[in-house]
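Since the structure comes first, as structure tokens, the remarks are kept for the end.
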Amino acid sequence: IADAIDRSATVRALVARITASDVVVFVTCEDDPDVRPSGRLNFMTSAGGVRYVVIRLKPKRRAAAIAMLAHELQHAAEIADTPAIVDEASLAREYARIGYRSHSAAHGLAFDTQAAVDVGRRVVQELIAPKTGVPE
């Protein structure tokens, strides 16, 4: 995570946006070989005015993992921007509205948004861009 923040202005902005919100993000590595997606976000709970989500990443090459982290952080920012998301059901309703069904998951449907796809691509470009010595 520290490497992602250091190397990507997009990740830094997402982390700042989430930090200023009522959303707490836990990040963990997924080690279940039966889990196919390389990244996913699940709503955990809402308590005491705080909403908790977990991002699970499948270990892979560093740049790809950073891009996937950014993709999932975009989803966390989308949740932060939508106070009506307070549980799995309201998350599914909102993503059916703002996103699209990406595939069937083991425990229901999986959704994605164009914004998260775009963030992942932008971060890949940031990671491969040559360093120019010009401050960001």
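Counting the sequence shown from 1 gives a position; my numbering is that position plus 545. By construction, the Cβ of each residue, glycine as well, lies at the ideal position given by its N, Cα and C atoms. Keep in mind that this is a model prediction, so the values were computed, not measured.
Annotation: residue 591 is outside any alpha helix (DSSP H); the continuous beta strand (DSSP E) that includes it extends over 584–592. Contact between the stretch 628–646 and the stretch 599–619 is absent: fewer than three C-beta pairs spanning the two stretches fall below 8 angstroms.
Rounded to the nearest whole angstrom, the C-alpha separation of residue 627 and residue 637 is 12 angstroms. Linking residue 667 to residue 657 through their CA atoms gives a straight-line distance of about 16 angstroms.
Shown here for residue 645: same chain residues with a beta carbon closer than 7 angstroms to its own, the five before and five after excluded, namely 656 and 657 in chain order.
For the options 589, 591, 572 and 624, the alpha carbon positioned closest to that of residue 602 is the one of 572. The closest CA to that of residue 625, considering only 582, 551, 560 and 674, is found on 560. Close CB contacts of residue 669 within its chain, under the 6 angstroms cut and outside five residues either way in sequence, are with 612 (chain order). Taking all protein chains in view, the Cβ of residue 593 is surrounded by fewer than 16 other Cβ atoms within 10 Å, so the residue is classified as exposed. Cβ-Cβ separation between residue 595 and residue 621: approximately 13 angstroms, too far for a contact (criterion under 8 angstroms). Looking only at 555, 605 and 673, the smallest Cα-Cα distance to residue 661 is reached by 555.
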